[in-house]
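*Asks:* For the sequence shown, our numbering gives the first residue as 216, with consecutive numbering after it.
Quick reminder that beta carbons are idealized off the backbone N, C-alpha and C, glycines included.
Keep in mind it's a predicted model, so treat the numbers as computed, not measured.
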Amino acid sequence: MRQHIALQDSGGPYLRSGQVAEQAGVNLQTLRYYERRGLIAEPARSPGGHRAYPPEAVTLLTVIKAAQRLGFTLEAVAEPIDTGRRGHPTPDLRERAQEKIAEVDARIADLTTIRSALSAVVSAGCDSLAHCTCLDCPLPFADLATSRTPEEN
């Protein structure tokens with residue numbers, strides 16, 4: 216049975232869905248999705264049937280979005296949130312952050328390689344992936360395209 220509450224208690228005013236979404240910088244569909252996933256507890260209802268969230272819901276949504284911006288998936292965020300709700304520390308948070316740092320470093324290395332290749336393309340004046348006319352074309356595709364016979368393609 217759903218709990219019905221007044222829109223204010225000793226901890227402060229309860230917020231409606233739109234207010235929570237706006238303050239947290241998410242849309243209503245995201246708020247509902249997080250409820251369905253169990254990231255946000257299903258709120259109590261006002262006497263009029265409106266969802267009534269405690270102000271802490273805004274903080275929790277902000278934390279979830281910040282973790283996503285840092286590259287964590289919702290699955291990776293869900294467990295520490297649930298553990299924290301139960302009042303237990305999350306001892307593996309540091310380990311997870313270190314793993315994420317390693318992933319970010321690998322992505323940075325990949326992006327640096329891509330950037331270098333694109334800079335070489337721009338510097339060389341490449342004009343085609345398959346039939347580049349620049350001297351010393353840095354694109355590996357040009358040689359592949361011209362060295363194969365039609366039967367090999």
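Need the endpoints of the alpha helix (DSSP H) that residue 337 sits in, please.
*Replies:* First-last of the alpha helix (DSSP H) with residue 337: 308-339.
*Asks:* Pairs of beta-carbons, one from the region 282-299 and one from the region 265-273, closer than 8 angstroms: are there three or more?
*Replies:* Output reads no: the region 265-273 does not touch the region 282-299.
*Asks:* As a quick exercise: from 264, 273 and 241, pick the residue whose alpha carbon is nearest that of residue 256.
*Replies:* If we check each option's Cα against that of residue 256, 273 comes out closest.
*Asks:* Count the other C-beta atoms from every protein chain shown that fall within 10 angstroms of the C-beta of residue 230, then say buried if there are 16 or more, exposed otherwise.
*Replies:* Classification for residue 230: buried.
*Asks:* What is the DSSP secondary structure of residue 224, counted as helix, strand or coil?
*Replies:* Reliability of the predicted coordinates at residue 224 is poor, the pLDDT of 46 falling under 50, and the value obtained from them is presented with this limitation in mind. Residue 224 falls in the strand class under three-state DSSP.
*Asks:* Specify the secondary structure class of residue 284 as computed by DSSP and reduced to three states.
*Replies:* Helix.
*Asks:* Answer with buried or exposed for residue 258, where buried requires no fewer than 16 other C-beta atoms within 10 angstroms of its C-beta.
*Replies:* Buried, since its Cβ has 16 or more Cβ neighbours within 10 Å.
*Asks:* What residues match up with residue 254 in a beta bridge as DSSP calls it?
*Replies:* None, per the DSSP bridge assignment.
*Asks:* So, using beta-carbon positions, are residue 233 and residue 243 closer together than 8 angstroms?
*Replies:* The answer is yes: Cβ separation under 8 angstroms.
*Asks:* For residue 316, does the count of other Cβ atoms within 10 angstroms reach 16, so buried, or fall short, so exposed?
*Replies:* Exposed, since its Cβ has fewer than 16 Cβ neighbours within 10 Å.
*Asks:* In angstroms with no decimal places, state the Cα-to-Cα distance between residue 326 and residue 265.
*Replies:* Going by the C-alpha atoms only, they are around 47 angstroms apart.
*Asks:* Just confirm the distance between the C-beta atoms of residue 339 and residue 351, as a whole number of angstroms; I'd bet it's less than 8 angstroms.
*Replies:* The pair is a contact, with the Cβ atoms about 6 angstroms apart (cut-off 8 angstroms).
*Asks:* For residue 329, count neighbouring Cβ atoms within 10 angstroms of its own Cβ and tell me buried if that reaches 16, exposed if not.
*Replies:* By the 10 Å Cβ count, residue 329 comes out exposed.
*Asks:* So residue 235 packs on residue 276, CB below 8 angstroms; how close in whole Å?
*Replies:* Residue 235 to residue 276, Cβ: 7 angstroms. Contact.
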